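Numbering (this note's numbering), first residue to last: 122 to 257.
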């Protein structure tokens, strides 16, 4: 379950399946706009036609701690890309941290190491988000 680290910052401690998909669904539920209806699953979230989020929607910055994740599949990667897009629309940041060598290799192989923002550990990730938040 995602945790409110502070006002405007959501921290999520991730683990391997099936918890990973459930955690992503919980995060998307927090990001869901008011006019979206029903449960958003990671497989069909992009096809729902939800309205773009704006800063006025009180969307939090999101920090994902990957310390408990040993692999990612294409569904997870697609969910991360959708999450990044929705947060960027709202002017918010997504930071990924504490990746294992296996997960980091997957990010590099797919070129996603150039797409996402990474931090070595949760404290560094949270500090970078707080600095961004203060500049808003």
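We treat Cβ as the ideally placed atom computed from N, Cα and C, and that holds for glycine.
Being a predicted model, the structure only gives us computed values, none of them experimental.
When the Cα atoms are used, what is the spatial distance from residue i to residue j?
i	j	result
residue 167	residue 131	In this prediction, residue 167 has a pLDDT of 45, which is less than 50 and means its spatial position is unreliable; what the coordinates show is noted afterwards. Roughly 21 Å separates the two Cα atoms.
residue 219	residue 257	26 Å
residue 203	residue 197	10 Å
residue 200	residue 149	9 Å
residue 144	residue 135	7 Å
residue 125	residue 248	15 Å
residue 183	residue 223	22 Å
residue 258	residue 246	With the chain running from 122 to 257 in the structure shown, residue 258 is simply not present.
residue 141	residue 255	30 Å
residue 251	residue 127	9 Å
residue 164	residue 187	No answer about residue 164 holds up, because its pLDDT of 39 lies below 50 and its placement is not dependable.
residue 139	residue 228	20 Å
Starting from residue i, trace the beta strand (DSSP E) both ways and give me its first and last residue.
i	result
residue 180	Run containing residue 180: none; DSSP gives neither H nor E here.
residue 257	Segment: none, residue 257 is in no beta strand (DSSP E) and carries neither H nor E.
residue 216	215-218
To the nearest whole angstrom, what separates the beta carbons of residue i and residue j, a pair I think is in contact under 8 Å?
i	j	result
residue 217	residue 185	5 Å
residue 237	residue 205	7 Å
In the DSSP assignment, what are the bridge partners of residue i?
i	result
residue 127	130
residue 189	136
How would you write the range of the alpha helix (DSSP H) that residue i sits in, first residue to last?
i	result
residue 237	Per DSSP, residue 237 belongs to no alpha helix (DSSP H) and is neither H nor E.
residue 203	195-210
What do you reckon, are the CB atoms on residue i and residue j nearer than 9 Å?
i	j	result
residue 226	residue 191	no
residue 189	residue 242	no
residue 147	residue 123	yes
residue 152	residue 233	no
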